[in-house]
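> This is the structure, below, for whatever I ask next.
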Amino acid sequence: MTTISANLQAVIARIEAAARQFGRNPDDISLLAVSKTWPAADVHEAALAGQKSFGENYVQEGIDKATTLAALNLDWHFIGPLQSNKTRAVAETFAWVHSIDRLKIAERLSEQRPQNLPALQVCIQVNVSGEASKSGVSVDEASALAHLVADLPHIRLRGLMAIPEPVDDFARQRDAFRRVREVFEQLNREGLSLDTLSMGMSHDLEAAIAEGATMVRVGTAIFGERNKA
Ligand SMILES: *Cc1c(COP(=O)(O)O)cnc(C)c1O
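Under the working numbering, think of the first position of the sequence shown as 6, with each following residue one higher.
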């Protein structure tokens, strides 16, 4: 077994163990393999080991890999900060965008989504760590943005994404994820049918699963440490 496929099995085992521990059904938690900075060959290896969904933070890098590996029919998720001048390329290539934090970006993605593709699936990124993180809307802004995004024609609002400030303490990790879940539950009470909580990474996926994550985004634990450059 290659390192990547062994790592993938280990991450899946962590997800299953956390699901059991916190009374969740493991089938309700999907794994997004975050392949940013790693070559298409590594994505290919993960794909051969059964992984279907991959997350990328940089538009051109993601497009290059999606093009190289087009024959594998993988699902590409854009999870990084998105500028207006890159929305068309994202709308044409990716199946999901997790990092919506402005209406203007969502409007452009909806307008630019090719008509022959299914609606672009999106999450609104919520910032629950205050100034520690620059990206994402505040808890107070999330509802207004979510209702406007949900009304756009060629995108489908699936849920919320969060990247809490990294901390080691499990209880503190849970506190941040709980705040995201509370926003998610509030939006569903307001009539939005959200089904996706994209939260949890290599170091905190167990805490995220404890608080209801339906999609964990894992890079380092699958592909290895990235160069800090
Ligand atoms: C890099 C990244 C991840 C993966 O982080 P790891 O700690 O390597 O698992 C997840 N989500 C986002 C938005 C990222 O940028």
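Each residue gets a CB set at the ideal place from its N, CA and C atoms; glycine is no exception. Source: prediction; values computed, not measured.
Cβ of F175 within 8 Å of Cβ of A212?
Position 170 of the sequence shown holds residue 175. Position 207 of the sequence shown holds residue 212. Yes, the pair counts as a contact, with Cβ atoms nearer than the cut-off.
> Check whether the Cβ of A226 sits closer than 7 Å to any heavy atom of ligand 1, and report yes or no.
To locate residue 226, count along the sequence shown from 1; it is residue 221. Yes, the Cβ of A226 comes within 7 Å of a heavy atom of ligand 1.
> When you compare the stretch 179 to 194 with the stretch 9 to 23, are there three or more beta-carbon pairs, one atom per stretch, that lie closer than 8 Å?
The answer is no - the stretch 9 to 23 does not touch the stretch 179 to 194, with fewer than three Cβ pairs under 8 Å.
> Return yes when at least one heavy atom of ligand 1 lies under 7 Å from the C-beta of I84, else no.
On the sequence shown, position 79 is the one that residue 84 refers to. Because some heavy atom of ligand 1 lies under 7 Å away, the Cβ of I84 counts as near it: yes.
> Looking at the secondary structure, which residues open and close the beta strand (DSSP E) in which F189 lies?
In the sequence shown, the residue the question calls residue 189 occupies position 184. First-last for F189: F175 to R194, but that is the alpha helix (DSSP H), not the beta strand (DSSP E).
> Since L125 and V102 should fall inside the 8 Å C-beta cutoff, what is the C-beta to C-beta distance between them, to a whole number of angstroms?
In the sequence shown, counting from the first residue as 1, residue 125 sits at position 120. In the sequence shown, counting from the first residue as 1, residue 102 sits at position 97. Contact holds; Cβ gap of about 6 Å.
> Please classify G60: does DSSP put it in a helix, a strand, or coil?
As a working mapping, residue 60 is identified with position 55 in the sequence shown. DSSP places G60 in strand when its eight states are reduced to three.
> Under 7 Å Cβ to Cβ from P158, same chain only, skipping five residues before and after it: list those, please.
One-based indexing of the sequence shown puts residue 158 at position 153. These residues qualify, in order along the chain: S115.
> Using the DSSP secondary-structure output, state which residues sit across from L36 in a beta bridge.
Within the sequence shown, residue 36 is the residue found at index 31, counting from 1. In DSSP, L36 forms a bridge with V221.
> Kindly indicate which residue of R184, D200 and L150 has the alpha-carbon position closest to the one of L164.
Within the sequence shown, residue 164 is the residue found at index 159, counting from 1. As written in the sequence, residue 164 is Gly, which differs from the Leu given in the question. The option with the nearest alpha carbon to G164 is D200.
> For S40, which residues from the same chain have a beta carbon less than 6 Å from its beta carbon, with the 5 sequence-adjacent residues on both sides left out?
Mapped onto the sequence shown, residue 40 falls at position 35. Once the five neighbours on either side are set aside, the close Cβ partners of S40 are V48 and F59.
> Just list the beta strand (DSSP E) runs in the stretch 137 to 172, keeping only unbroken ones of 3 residues or longer that don't cross its boundaries, in chain order.
For the stretch 137 to 172, whole beta strand (DSSP E) runs of length 3 or above, ordered along the chain, are 160 to 166.
> Is I129 near I105, with beta carbons less than 8 Å apart?
Translated into positions along the sequence shown, residue 129 becomes position 124. Translated into positions along the sequence shown, residue 105 becomes position 100. In contact: I129 and I105 (Cβ atoms closer than 8 Å).
> Rounded to the nearest angstrom, how far is the Cβ of L162 from that of L197, given a contact under 8 Å?
Taking the sequence shown and counting its residues from 1, one reaches residue 162 at position 157. Taking the sequence shown and counting its residues from 1, one reaches residue 197 at position 192. Sure, about 7 Å apart at Cβ, within 8 Å.
> Considering only C-alpha positions, which residue in the set P119, K70 and Q65 is nearest to A52?
Numbered from 1 along the sequence shown, position 47 holds the residue referred to as residue 52. Of the listed residues, the one whose Cα sits closest to A52 is K70.
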